[in-house]
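Residue numbers (our numbering), protein chains in the order written: chain A, 1 to 309; chain B, 310 to 618.
2 protein chains.
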Amino acid sequence: MFFEGSEKKIEIIVNSDAKCLRSLGKTYWQSLVNKANADIISVVSNQSCDAYLLSESSLFVWSNKFIMLTCGGTTLVDALQAFIESYGIDNIAFTSFQRKNEYLSHLQKTTFEQDIKSLRKIIDGKAYRLGHLDSHHHFIFHSGKPVAEKTTDKTTELLMYHIRGEGARYLRSNVQTTEGIRALFQLDAILDGFIIDDFVFAPFGYSMNAIKGEYYATLHITPQENSSYVSFETNLDLEREHPHILTRLINCLNPGCWDIVGFNTQPEGHFARDVNCLSHCTLSLSTDVEVLFRYYQHVTHETQTPEAM
Amino acid sequence: MFFEGSEKKIEIIVNSDAKCLRSLGKTYWQSLVNKANADIISVVSNQSCDAYLLSESSLFVWSNKFIMLTCGGTTLVDALQAFIESYGIDNIAFTSFQRKNEYLSHLQKTTFEQDIKSLRKIIDGKAYRLGHLDSHHHFIFHSGKPVAEKTTDKTTELLMYHIRGEGARYLRSNVQTTEGIRALFQLDAILDGFIIDDFVFAPFGYSMNAIKGEYYATLHITPQENSSYVSFETNLDLEREHPHILTRLINCLNPGCWDIVGFNTQPEGHFARDVNCLSHCTLSLSTDVEVLFRYYQHVTHETQTPEAM
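This is the structure:
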């Protein structure tokens, strides 16, 4: 059973005088999520944010910003185009669209090149690939327009591949529960005070959204033996205030390799000695946002079993 | 300018009482090469082998064996099916079909999965992937039928990516010549006594076939800055008799990473200290052939420049 966990992601910041995004309501967001071929499973809210758990990932809506992540064969770029058309391009301060390293690009409905070709018909923007094509890499498109108010949000994305050991075995088992997974990661401790909304898929797979004030965190697990992929993302400051979170997640899942993408932050975990940063790339967006891409791998000689097809 | 250098490869061994493959003649082989969407550029022969240089790689024909390599958007599996149908499956002792790590799988006309689905309609066989999907990997299909006579041919394939330095700059320049490239690699020394047939493509790119008795060597260079790929393949014994060849090629091109695939051989170059084997995989084919796949990379922290799209 193969599932392409690697996400696509939209981030939109709207002008301060534009319509509040939360006021658009659940029906609006449901319809936008459907454009990407995903569905809303549940929602939790606090005074700042509505966090929607999707059939394939997550949507977080603040009054002036939203983030939408989808994985598998979803068509997130369609949702982005629909949003720009319905909300009005003049009301949008910042747009970014990311596609993460994919296992099997030919199974995707479109390529990143095709996506940016469509996007450029309605919005100016620059696009980049961070990392080599034959290795882990990351695509990003962002609107060229400078943001009136400087964006200082720090966001960290951790993408883990080839999870191994006891944690991985539990996540592939049929006895897993939301409580068990929360305990595995000590989520109550690392996301202290957060409202947590999570879901275990059948036969396996886990999604979690968490919010606390303006902060969010999201965790998505596709544990399949030969294509395991776990992503974690948050706007908590993992560089200075919560450096143990990356270390905790990595120690828990013992991934063979992982990527870190940082926006305005350069978080470093405390990794084992045999871990090496094989690729490092930074990019300054014209909007004063600094993007960091790092690809880490255990350098220990890995003996693999051939995969029968 | 993007070109998918990574090859596909067929190897066929026919029964000792079957029709001599060389006697099928150039017209037959021309027509087979056309099935893969390639063309013959030139041919050299000795008492054992006809070596055809193709518009996209190479074909070597011995009396009881042939090897055909093609790259780019070629459809090598169509040539393999046409050969099996015209020559007769009962006359074939061993079939293998390989596809190497591709940069952009969605630009290929078919996937390996589709290829083996077509092949299995006319020939029984086992298929494997060596190496992780999100990293360098190698696909191989081979006929399950045991070979009557044990195959002890040693074959080494060296696939180099991200070539750098003076050699790489020369190969990307417009002053390159076949003589200059032979000198760069000291081909006359490392392939002492071989008949060499080579060709420089416009604006760049190089292909070489070489034969000496039963031995062959072939070198293909696609030097493009952001997708450079150089492949070398030979049935010389690089493990015991010619260990310096791998080292020479790697030192000349200083690739960021490379794969070694060995059939009945486990060659090791003498690499720099900061080179690590990131993936190692072996496979015993039912035909007593041992396949080795190794992926090497410089572990030095590589700072990359974002690639604008």
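Just so it is clear, CB atoms sit at the ideal spot from N, CA and C, and this is done for glycine as well.
- Which one of 14/A, 299/A, 77/A has the shortest CA to CA distance from residue 117/A? The sequence position of residue 117/A within the first sequence is 117, counting from 1. Residue 77/A is the option with its Cα nearest to residue 117/A.
- Item | Interface positions of the segment 104 to 138 of chain A facing chain B (Cβ-Cβ less than 8 Å), listed along the chain | The residues in question are 104, 105, 106, 108, 111, 112, 113, 116, 126, 127, 128, 129, 130, 131, 132, 133, 134, 135, 136.
- Item | Sub-8 Å separation of residue 392/B and residue 536/B beta-carbons | Taking the first residue of the second sequence as position 1, residue 392/B is located at position 83. Taking the first residue of the second sequence as position 1, residue 536/B is located at position 227. Going by C-beta atoms, residue 392/B is not nearer than 8 Å to residue 536/B.
- Item | residue 399/B burial status per 10 Å Cβ neighbour count (16 or more: buried) | Working through the second sequence from its first residue, we reach residue 399/B at position 90. Result: exposed.
- List, in order along the chain, the chain B residues whose C-beta lies closer than 8 Å to that of residue 281/A? As a position in the first sequence, residue 281/A is number 281, starting the count at 1. Within 8 Å Cβ-Cβ: 612, 613, 614, 615.
- Query: chain A partners of residue 536/B, CB-CB under 7 Å?
  - Reply: Within the second sequence, the letter at position 227 stands for residue 536/B. Chain A residues near residue 536/B: 133.
- Under three-state DSSP, which class holds residue 312/B? Here residue 312/B is taken as the residue at index 3 of the second sequence, counted from 1. Note: residue 312/B maps to coil in three-state DSSP.
- Message: Give me the residue from 524/B, 569/B, 552/B with the minimum Cα distance to residue 543/B.
- Response: For this step, residue 543/B is matched to residue 234 along the second sequence. Comparing Cα-Cα distances from residue 543/B to each of 524/B, 569/B, 552/B, the minimum goes to 524/B.
- Item | Boundaries of the beta strand (DSSP E) in which residue 519/B is found, first to last residue | Locating residue 519/B in the second sequence gives position 210, where the first residue counts as 1. Segment 515 to 521, the beta strand (DSSP E) holding residue 519/B.
- Item | Cβ of residue 30/A within 8 Å of any chain B Cβ | The residue you call residue 30/A lines up with position 30 of the first sequence. Chain B contact via Cβ: absent.
- Determine the DSSP secondary structure at residue 264/A, reduced to helix, strand or coil. Looking up residue 264/A in the first sequence gives position 264. Note: residue 264/A maps to coil in three-state DSSP.
- Task: Within its chain, find whatever has a CB closer than 8 Å to the CB of residue 58/A; leave out the 5 residues flanking it on each side and keep chain order.
- Result: If you number the first sequence from 1, residue 58/A lands on position 58. Leaving aside the five residues that flank residue 58/A on each side, the residues in its chain whose CB is nearer than 8 Å to its CB run, in chain order, 51, 52, 67, 68, 69, 207, 209, 218, 220.
- Name the residues in the segment 567 to 597 of chain B whose C-beta lies less than 7 Å from a C-beta of chain A; which are they? 585, 586, 587, 588, 589, 590, 592
- Query: If contact means a Cβ-Cβ distance below 7 Å, which residues of the segment 89 to 103 of chain A contact chain B?
  - Reply: Across the segment 89 to 103 of chain A, CB contacts with chain B closer than 7 Å involve 101, 103, in sequence order along the chain.
- Item | chain A contacts from the segment 466 to 489 of chain B (Cβ-Cβ distance under 9 Å) | Listed by position along the chain: 470, 471.
- Task: Check whether the Cβ atoms of residue 589/B and residue 305/A lie closer than 8 Å to each other.
- Result: Counting from one through the second sequence, the residue named residue 589/B turns up at place 280. Counting from one through the first sequence, the residue named residue 305/A turns up at place 305. Their beta carbons are not under 8 Å apart, which means residue 589/B does not touch residue 305/A by this criterion.
- Message: Please report the straight-line C-alpha distance between residue 436/B and residue 107/A, rounded to a whole angstrom.
- Response: Here residue 436/B refers to the residue found at position 127 when the second sequence is read from its first residue. Here residue 107/A refers to the residue found at position 107 when the first sequence is read from its first residue. Each residue's alpha carbon lies about 20 Å from the other.
- Within this structure, are the beta carbons of residue 564/B and residue 480/B separated by less than 8 Å? As a position in the second sequence, residue 564/B is number 255, starting the count at 1. As a position in the second sequence, residue 480/B is number 171, starting the count at 1. No, they are not a contact pair.
- Query: Does the beta carbon of residue 297/A sit closer than 8 Å to a beta carbon anywhere in chain B?
  - Reply: Here residue 297/A is taken as the residue at index 297 of the first sequence, counted from 1. Yes - at least one Cβ of chain B is within 8 Å of the one on residue 297/A.
- Task: Assign residue 163/A to one of two classes, buried (16 or more other C-beta atoms within 10 Å of its C-beta) or exposed (fewer than that).
- Result: Taking the first sequence and counting its residues from 1, one reaches residue 163/A at position 163. That one is buried.
- Specify whether the segment 488 to 497 of chain B and the segment 334 to 351 of chain B touch according to this definition: at least 3 beta carbon pairs, one from each stretch, less than 8 Å apart. Contact fails: fewer than three Cβ-Cβ distances are below 8 Å.
- Message: I'd like to check one pair, residue 406/B with residue 450/B: are the Cβ atoms closer than 8 Å?
- Response: Counting from 1 along the second sequence, the entry for residue 450/B is found at position 141. Counting from 1 along the second sequence, the entry for residue 406/B is found at position 97. Taking 8 Å as the Cβ cut-off, residue 450/B and residue 406/B qualify as a contacting pair.
- Item | contact_flag[the segment 246 to 264 of chain A, the segment 185 to 196 of chain A] where n(CB pairs < 8 Å) is 3 or more | yes
- Message: Measuring only from the beta carbon, is residue 241/A closer than 7 Å to any heavy atom that is part of the ligand FMN?
- Response: For the ligand FMN, the structure offers nothing, since it holds no ligand at all.
- On the premise that residue 197/A lies in contact with residue 42/A, defined as a C-beta separation below 8 Å, what is that separation, rounded to the nearest angstrom? For this step, residue 42/A is matched to residue 42 along the first sequence. For this step, residue 197/A is matched to residue 197 along the first sequence. Going by Cβ atoms, the distance from residue 42/A to residue 197/A rounds to 6 Å, so yes, they are a contact pair.
- Quick one: Cα of residue 299/A to Cα of residue 592/B, how far? For the purposes of this step, residue 299/A is taken as the residue at position 299 of the first sequence. For the purposes of this step, residue 592/B is taken as the residue at position 283 of the second sequence. Near 22 Å, if we compare the C-alpha coordinates of residue 592/B and residue 299/A.
- Query: Given a threshold of 16 other Cβ atoms within 10 Å of its Cβ, counted over all protein chains shown, does residue 309/A qualify as buried or as exposed?
  - Reply: In the first sequence, the residue the question calls residue 309/A occupies position 309. By the neighbour-count criterion, in which 16 or more other beta carbons inside 10 Å mark a residue as buried, residue 309/A falls on the exposed side.
- Item | Simplified DSSP assignment, three categories, for residue 380/B | What you label residue 380/B is simply residue 71 of the second sequence in a count that begins at 1. Secondary structure of residue 380/B (DSSP, three-state): coil.
- Message: Given a cut-off of 8 Å on the beta-carbon distance, is the pair residue 540/B and residue 601/B in contact?
- Response: Numbered from 1 along the second sequence, position 231 holds the residue referred to as residue 540/B. Numbered from 1 along the second sequence, position 292 holds the residue referred to as residue 601/B. Not in contact: residue 540/B and residue 601/B (Cβ atoms no closer than 8 Å).
- Query: What are the start and end residues of the alpha helix (DSSP H) that includes residue 342/B?
  - Reply: Mapped onto the second sequence, residue 342/B falls at position 33. Taken as a continuous stretch (DSSP letters only), the alpha helix (DSSP H) holding residue 342/B covers 334 to 344.
- Output yes or no for whether 8 Å exceeds the beta carbon distance between residue 561/B and residue 494/B. Here residue 561/B refers to the residue found at position 252 of the second sequence. Here residue 494/B refers to the residue found at position 185 of the second sequence. Yes.
- Express the C-alpha separation of residue 431/B and residue 390/B in angstroms, rounding to a whole number. Locating residue 390/B in the second sequence gives position 81, where the first residue counts as 1. Locating residue 431/B in the second sequence gives position 122, where the first residue counts as 1. Straight-line measurement puts the Cα of residue 431/B at about 8 Å from the Cα of residue 390/B.
- Message: Considering only the alpha carbon of each residue, which of 85/A, 44/A, 241/A lies closest to residue 32/A?
- Response: Here residue 32/A is taken as the residue at index 32 of the first sequence, counted from 1. With respect to the C-alpha of residue 32/A, the residue from 85/A, 44/A, 241/A having the closest C-alpha is 85/A.
- Report all residues from its chain with a CB closer than 7 Å to the CB of residue 18/A; omit the five preceding and five following residues, and keep chain order. Here residue 18/A refers to the residue found at position 18 of the first sequence. If we look at residue 18/A and ignore the five residues flanking it on each side, its Cβ neighbours are 91.
- Task: For my contact list, residue 74/A and residue 8/A are in at a C-beta cut-off of 8 Å; report their separation, rounded to the angstrom.
- Result: For the purposes of this step, residue 74/A is taken as residue 74 along the first sequence, with counting starting at 1. For the purposes of this step, residue 8/A is taken as residue 8 along the first sequence, with counting starting at 1. With a Cβ gap of about 7 Å, residue 74/A and residue 8/A count as contacting.
- Label residue 325/B either buried or exposed according to how many other C-beta atoms from any shown protein chain fall within 10 Å of its C-beta, with 16 as the threshold for buried. Residue 325/B sits at position 16 when you count from the first residue of the second sequence. Exposed, by the Cβ-count rule.
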